[in-house]
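Take a look at the structure set out below.
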Amino acid sequence: MENSTSPAPKKMNLQRVEMSKQKPEVRRQNFDEVAFGYTPEEAMAEASRCLDCKKPGCVGNCPVEVNIPDFIRCIKAGDFAEGIRIIRQKNCLPAVTGRVCPQEEQCEGGCVFAKRGGQIAIGRLERFLADWEASQGINTGSIKKPRPTGRKVAVIGGGPAGLTVAGDLIQLGHQVTVYEALHKVGGVLVYGIPEFRLPKRIVRREVDYLTSLGVEMVTSYVVGKTRTVDSLLEEYDAIFVGSGAGLPWFMEIPGNNLNGVYSANEYLTRMNLMKGYTFPSVQTPIKQHHRVAVIGGGNVAMDCARTALRLGAEAHIVYRRSRQELPARLEEVENAEEEGVIFDFLTLPLACLGNENSWVTGLSCQKMELGEPDASGRRSPVAIPGSEFVMPVDAIIYAIGNSPNPLIPSTTPGLAIGRKGNIEAEEATGKTSKARVWAGGDVVTGAATVILAMGAGRKAARAIHRYLQTLEEE
Amino acid sequence: MIPVLERTMVAPNIHNLRLQAPDVARSAKPGQFVILQAEEDGERIPLTISDWDAEKGDITVVFMQVGATTGKLALLKAGDSIPTAAGPLGNPMELGNFGTVICVGGCYGIASIYPIARALKEMNNRVICVVEARSSFLFYWQEKLRKTSDEMIFITRDGSLGRRGHINNLGSIIPSIKGGVDRVIINGCNYVMMRGCEETRPLGIKTIVSLNTLMIDGTGMCGVCRVTVNGSNKFACVDGPHFDGHEVNWDELSSRRQAYLREETVTLRTSAPEKER
Ligand SMILES: Cc1cc2nc3c(=O)[nH]c(=O)nc-3n(C[C@H](O)[C@H](O)[C@H](O)COP(=O)(O)OP(=O)(O)OC[C@H]3O[C@@H](n4cnc5c(N)ncnc54)[C@H](O)[C@@H]3O)c2cc1C
Ligand code: SF4
Ligand code: FES
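Protein chains in written order, with the working numbering: chain Y, 1 to 474; chain H, 1 to 277.
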């Protein structure tokens, strides 16, 4: 990377092309996507800022190493078909990652412009190409039909990790069946991330594409319950477990089981998977809340707060640390701020309070301040004595994290499990301790990101393919 | 899509639904449930698997028509299909040779207690089935239950069959059983289970209940089904649904149960005794 203190060379245009969005006062009333995406002209203008570095900083920072300067060069030249083809060589869900990757930490963070604040908008360009492809009604990822190998693979979980494995292995001629516990495939992409950030039609398009390649999708199938991993192993040559991190955490404070206290998973599932936001046109009942406290500071917390806001509530983010430490994508924090989400930083919940009917009436909290930096240089929050106060709210949503669901670990003998309930798997291959079983994504790492789940899926697919050719484990 | 093989009304407002779900049928154990959807994007509701045939690949659930989803299910006929029947979920009922076991069923619980009674009978327990309803015309599946039990006792609110009254009859039934009772298992609405537990608590008889909480996924993902049992937080769908009824926090359970579904009060109203309405 270049030295950040040197003055910007003349040819460096630091002005990012803005992506047009719905106005905050409009979008807070609807569930339509916030950002409209680049037009071809905007995309070409943004692409033309790219210096096409000899040693690009972006590529190595992308977990799946998309060949970024190459696809940007194609946009510059107006050859969008070639651009998307280049992305798809490494990334099978570009319309998704272009929208949800934490680019500021990844590709864009490695860009030579980054230190001057004008990094190339790689995510937006990626999204542009993926949307352009969709608008053409084509999928450039398609290849000629491979010769069937006769090998069968079961993929457990239809999230980004599982879908990546399915896509890679079907294109190598293996027979692939995806078993998904819920009634729709997509994992967090369909039950968690809201419509206004990731329209469900985009996920459906990717899933339909995999189906068109021959992947069999079996929904409402709970592996470990409907059938065990061992039983599946009798029928399949290899199994990939991508069952995610779906077990919600609650703080250990009083009042958690009052009515109106939700896990983020429950709240978002009601709204997204069950389309609660269209109630009463669907049967999923939702409550009309007036003032909602969301505990947490990650993407999940932003999604909950922005959903509550769209349903007419005053939405608060209650976070223990300060704005700087918010783990959410920067763009989502900014969107939330613009829409009017209220941030209560340096605030620690102490108890959920309720009335005689067991409905939430408030969140008792304490103010915090940042203490001296610890050994790692991180300033951790410490409570200010006597600063307790009650925030009157009629709903509380926990968005403080998830751990892997124990359903598969507990019904699969021989599968080594880590301390946090995660399945143990080799980093480079996804191989677990159990013969013919691979795993990847959140179930291995704990809650992480879409692109990391896809990256893990890709590595596992490669290892599974090697195994399927010889049927000998490495 | 899950094909509907049969849907019949077995008592006023109580329906029997037989579905073709081979993988569920092959794995089902007494006390497990399925999550059903009546239509795409509709509510997901848990229903106990009350009978199944692993060979033919079908499962039977019995439900009371109370709300929008059960209303839609009640209109199904053979040849229709529903989008979702995920299962078998939850833990199976703990089985064993306990000695004398009383199996209590009220409303849909008359059906859901059946596979439990059947399994206990096969394991050489003395099985006494106690079924309760407002009136005798609300009973169903009596032949099936009779075959799997050594004795059947009826309780009706109006006295039209068996004992008159409601579930607190359990308090006088138990001491009347020669040789004593080793375990009580109660299935039905939460009110029946709670009152039943109040009767068995002073008698010191272990009582297992099958909680029906709100559920969405049934796999431990959403936490809507959380209950406090013996002071600790449990997810009914994966830690239960069967718990020691003497350890359940019933007040919390019934308030959480009513959070959404106005129609649940209907269930309560139809099973609570007159003076408590
Ligand atoms: C609200 C929210 C917002 C997020 N925002 C972002 C973001 O902006 N950017 C980002 O990069 N990441 C984000 N994440 C994280 C990201 O979504 C996850 O890291 C990613 O989806 C993990 O992929 P996965 O395939 O490992 O698991 P999942 O997406 O969790 O998929 C696992 C699937 O397996 C299924 N399953 C589980 N158990 C079984 C079983 N026993 N049998 C069959 N199927 C089973 C589940 O139903 C699920 O569909 C967000 C997460 C949430 C919850
Ligand atoms: S996949 Fe994510 S990190 Fe990689 S180039 Fe695309 S937006 Fe950047
Ligand atoms: S029903 Fe969702 S966790 Fe139990």
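Glycine residues also receive a C-beta, built at the ideal position from the N, C-alpha and C atoms.
Item: Which of helix, strand or coil DSSP assigns to Asp131(Y); Value: helix
Item: Any chain Y beta carbon closer than 8 Å to Asp182(H); Value: no
Item: Per-residue DSSP class, three states only, for Trp250(H); Value: helix
Item: Cβ-based contacts, 7 Å cut-off: residues of the segment 87-120 of chain H near chain Y; Value: Gly87, Pro88 and Leu89
Item: Under the three-state DSSP convention, the category Gln32(H) falls into; Value: coil
Item: Below-8 Å beta-carbon distance, Thr470(Y) vs any chain H residue; Value: no
Item: Spatial distance of Ile68(Y) from Asp58(H) (CA atoms); Value: 53 Å
Item: Spatial distance of Glu263(H) from Thr213(H) (CA atoms); Value: Model confidence at Glu263(H) stands at a pLDDT of 34, short of 50, so the residue's coordinates are unreliable; what they give is reported in the following sentence. Whole-angstrom Cα-Cα distance: 14 Å.
Item: Residues within the segment 7-28 of chain H neighbouring chain Y, beta-carbon criterion of under 7 Å; Value: Asp23, Val24 and Ser27
Item: Pro404(Y) and Leu247(Y) closer than 8 Å at C-beta; Value: yes
Item: Cutoff 8 Å: Gln37(H) Cβ touching any chain Y Cβ; Value: yes
Item: Span separating the alpha-carbon of Asn91(H) from that of Leu47(H); Value: 14 Å
Item: Euclidean distance between Cα positions of Thr228(Y) and Ser27(H); Value: 9 Å
Item: Amino acids of chain H, ordered along the chain, whose beta-carbon sits closer than 7 Å to that of Val155(Y); Value: Neighbours of Val155(Y) on chain H: none; closest Cβ ~17 Å, over 7 Å.
Item: Rounded Cβ spacing between His15(H) and Ala74(H) (contact assumed at less than 8 Å); Value: 5 Å
Item: Beta-carbon proximity of Ala383(Y) to Ser364(Y), cut-off 8 Å; Value: no
Item: Given Ala447(Y) as reference, the closest of Gly242(Y), Ala293(Y) and Leu93(Y) once Cα atoms are compared; Value: Gly242(Y)
Item: Under 7 Å by beta carbon: chain Y residues contacting Pro341(H); Value: Residue 341(H) lies beyond the range of chain H shown here (1 to 277); nothing can be said about it.
Item: Start and end residues, alpha helix (DSSP H) containing Leu363(Y); Value: Note, Leu363(Y): premise wrong, no alpha helix (DSSP H); beta strand (DSSP E) at Val360 to Pro373.
Item: Any non-hydrogen atom of ligand 3 closer than 7 Å to Phe33(H) Cβ; Value: no
Item: Cβ pair Gly196(H), Val131(H) closer than 8 Å; Value: no
Item: C-beta contact flag for Asn460(Y) and Gly430(Y) at 8 Å; Value: In the sequence on display, residue 460(Y) carries Ala and not Asn. Cβ distance < 8 Å, so Ala460(Y) and Gly430(Y) count as in contact.
Item: Among Phe139(H), Asp244(H), Val4(H) and Gly231(H), nearest to Pro22(H) - alpha-carbon criterion; Value: Val4(H)
Item: Whole runs of the alpha helix (DSSP H) within the segment 211-297 of chain Y, excluding any shorter than 4 residues; Value: 229-235 and 264-271
Item: Contact with chain H by Met12(Y), beta-carbon distance below 8 Å; Value: no
Item: Per-residue DSSP class, three states only, for Met302(Y); Value: helix
Item: Spatially closest choice to Asn97(H) from Val229(H), Arg183(H), Cys237(H) and Ile208(H), by CA coordinates; Value: Arg183(H)
Item: Start-to-end residues for the alpha helix (DSSP H) that takes in Thr70(H); Value: Ala68 to Leu73
Item: At least three beta-carbon pairs within less than 8 Å, the segment 69-83 of chain Y to the segment 35-52 of chain Y; Value: yes
Item: Spatial distance of Ser231(Y) from Gln119(Y) (CA atoms); Value: 50 Å
Item: Gln469(Y) versus Glu82(Y): straight-line alpha-carbon distance, rounded; Value: 31 Å
Item: Nearest residue (CA-CA) to Asn168(H), options Thr200(H), Lys178(H) and Phe139(H); Value: Thr200(H)
Item: Closest by C-alpha distance to Val390(Y), when choosing among Arg205(Y), Ile400(Y), Val360(Y) and Ile408(Y); Value: Val360(Y)
Item: CB contact below 8 Å: Asp80(H) versus chain Y; Value: no
Item: Contact set between the segment 46-71 of chain H and chain Y, restricted to residues whose Cβ is under 9 Å from the partner; Value: Gly67, Ala68 and Thr69
Item: Contacts that Glu252(H) makes with chain Y (C-beta to C-beta distance below 8 Å); Value: Asn257 and Ser358
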